[in-house]
Amino acid sequence: MTTLHRFCAAFALLSCLVVGAKAQGIEVKADATVLFGSTATCTKPASVEWKKVRKTTPEWQTIKSEGVKKGTARYSLLISEMTQRLKRLAKSVAQTHGFDCVVCEDDIDDEKGLDVEDVTKRIIKLLESEADEA
């Protein structure tokens, strides 16, 4: 095989790979809250409006209704429980709807051409159904 033939074969192979390539990963802020998955390798990411889902959690409602002060042990415990609850619900929504990553909306710096779907309402719906069961 001549050098030209090798070059053409390599070029054809690389062209096929590039055409079939799909965007991968999103860029997020250094202190981003990732609720599920990996931002570096995702191909179907989702986002959530943190403040909206936060205010519907029982933990946040306790903080507000009881005036729990930031910096106290109780505040830290409630925030930790709230975050774990939201991560569990984000994972459930992601697995049900085929998302491979869920991050807070305000933490995304670059979507890298990927469509990022907002799943805020879906997570709130799960939160509300949990409250109804309790």
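In case it helps, this note's numbering puts the sequence shown at residues 65 to 198. Positions of the beta carbon are idealized from the N, C-alpha and C atoms, including for glycine. Quick caveat, the model's predicted, so the values are computed rather than measured.
Would residue i be called buried (16 or more neighbouring beta carbons within 10 Å of its own) or exposed?
{"i": "D171", "result": "buried"}
{"i": "E123", "result": "buried"}
{"i": "A85", "result": "The pLDDT assigned to A85 is 48, lower than 50, so where the model puts this residue is not dependable; a value taken from the coordinates is nonetheless given after this. A85 is exposed by the Cβ-count criterion."}
{"i": "T121", "result": "buried"}
From the options, pick the residue whose C-alpha is nearest to that of residue i; which is it?
{"i": "S102", "options": "C168, K189, R186, R138", "result": "C168"}
{"i": "I143", "options": "T160, W114, F163", "result": "W114"}
{"i": "G235", "options": "A104, G89, K108, V98", "result": "Because the chain is modelled from 65 through 198, residue 235 falls outside the range shown and cannot be assessed."}
{"i": "R118", "options": "E197, E145, Q159, A137", "result": "E145"}
Taking C-beta to C-beta, are residue i and residue j nearer than 9 Å?
{"i": "R149", "j": "L178", "result": "no"}
{"i": "E181", "j": "A110", "result": "yes"}
{"i": "K116", "j": "T184", "result": "yes"}
{"i": "K176", "j": "E91", "result": "yes"}
{"i": "C165", "j": "V98", "result": "yes"}
Only counting the same chain, and skipping five residues up and downstream in sequence, which positions put a Cβ closer than 7 Å to that of residue i?
{"i": "R186", "result": "V157"}
{"i": "L153", "result": "I187, L190, L191"}
{"i": "K128", "result": "none"}
{"i": "D174", "result": "I90, E91"}
For residue i, which residues in the same chain have their Cβ closer than 6 Å to its Cβ, ignoring the five residues on either side in sequence?
{"i": "K155", "result": "F100"}
{"i": "A104", "result": "G89"}
{"i": "T136", "result": "none"}
{"i": "E197", "result": "none"}
Excluding sequence positions up to five away, which residues of its chain have a Cβ less than 8 Å from the Cβ of residue i?
{"i": "A195", "result": "P122"}
{"i": "K133", "result": "Y139"}
> Whole alpha helix (DSSP H) runs in the stretch 85-149 with 4 or more residues, listed along the chain?
Replying inline: 114-118, 122-130
> What are the complete alpha helix (DSSP H) segments, minimum 4 residues, inside the stretch 144-194?
Replying inline: none
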